[in-house]
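A short worksheet on the structure shown next.
Residue numbers (our numbering): 1 to 225.
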């Protein structure tokens, strides 16, 4: 911020052009952040309403929420909470099948595996054969099922395997030579395609606007004395 001084060195005015430009830029960043978040939320959603059949591999920008592995069938289940879907691959990395449930207005989807059965939960519980993806049943979710899905997520099904994941990729890491083989391999910039990034930009911009405005008011009051 630029200042003008009198002969005694006392600040007598504040040039406002820089202030106005800075605030304008921050306002633009604020709106860009909000719009970005709304757009990304739309990108996460899928339009599949058919929950009773398997589908082609879901391509989504959504972060990977959880990954599970069934040793008996050597199937890897990649869960996208924001897209309410599960993509399934074999241990070699070949795609097998996908299931998806309708997007509800609020709340978060969850899933768990139990006794060769896959449970996808969002208000209702959708039950599938964990090996083939064949639809079995649908009913209103019970407290027990919701608790099981939460426990399943917290338990980390991959503890004793060489499979690992982050929000972008799923991979198998050879413990002997460190060689990584990808099951799901997406561009790293997918990690930035997140509504949180937009909300963070919007919040920081709004906060800076407030701070700059307060500083300007304080400085102006000191000059008016």
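Every residue gets a Cβ at the ideal spot worked out from N, C-alpha and C, and that includes glycine.
Treat the numbers as computed from the prediction; the structure is a model and nothing was measured.
Asked: Sequence-distant residues of the same chain with beta carbon closer than 6 Å to residue 45, five excluded per side; Found: 103
Asked: When 211, 194, 206 are compared against residue 43, the one with the closest alpha-carbon; Found: 194
Asked: CA nearest to the CA of residue 75, picked from 174, 113, 217, 101; Found: 113
Asked: Limits of the unbroken beta strand (DSSP E) element including residue 86; Found: 85-90
Asked: DSSP three-state assignment for residue 248, whether helix, strand or coil; Found: Lying before the first or after the last residue shown, residue 248 is absent from the chain, which here runs from 1 to 225.
Asked: Spatial distance of residue 166 from residue 140 (CA atoms); Found: 31 Å
Asked: DSSP state of residue 201 mapped onto helix, strand, coil; Found: helix
Asked: Sequence-distant residues of the same chain with beta carbon closer than 8 Å to residue 213, five excluded per side; Found: 23
Asked: DSSP bridge partner residues for residue 68 (one or two, in chain order); Found: 77
Asked: Cut-off 7 Å between Cβ atoms - residues of its own chain near residue 48, not counting five sequence neighbours on either side; Found: 55, 100
Asked: Cβ-based neighbour list, residue 199, same chain, cut-off 6 Å, excluding 5 preceding and 5 following; Found: 37
Asked: Contact between the region 66-86 and the region 149-162 (3+ Cβ pairs under 8 Å); Found: yes
Asked: Whole beta strand (DSSP E) elements within the region 134-208, 3-residue minimum; Found: 135-140, 163-165, 170-173, 180-184
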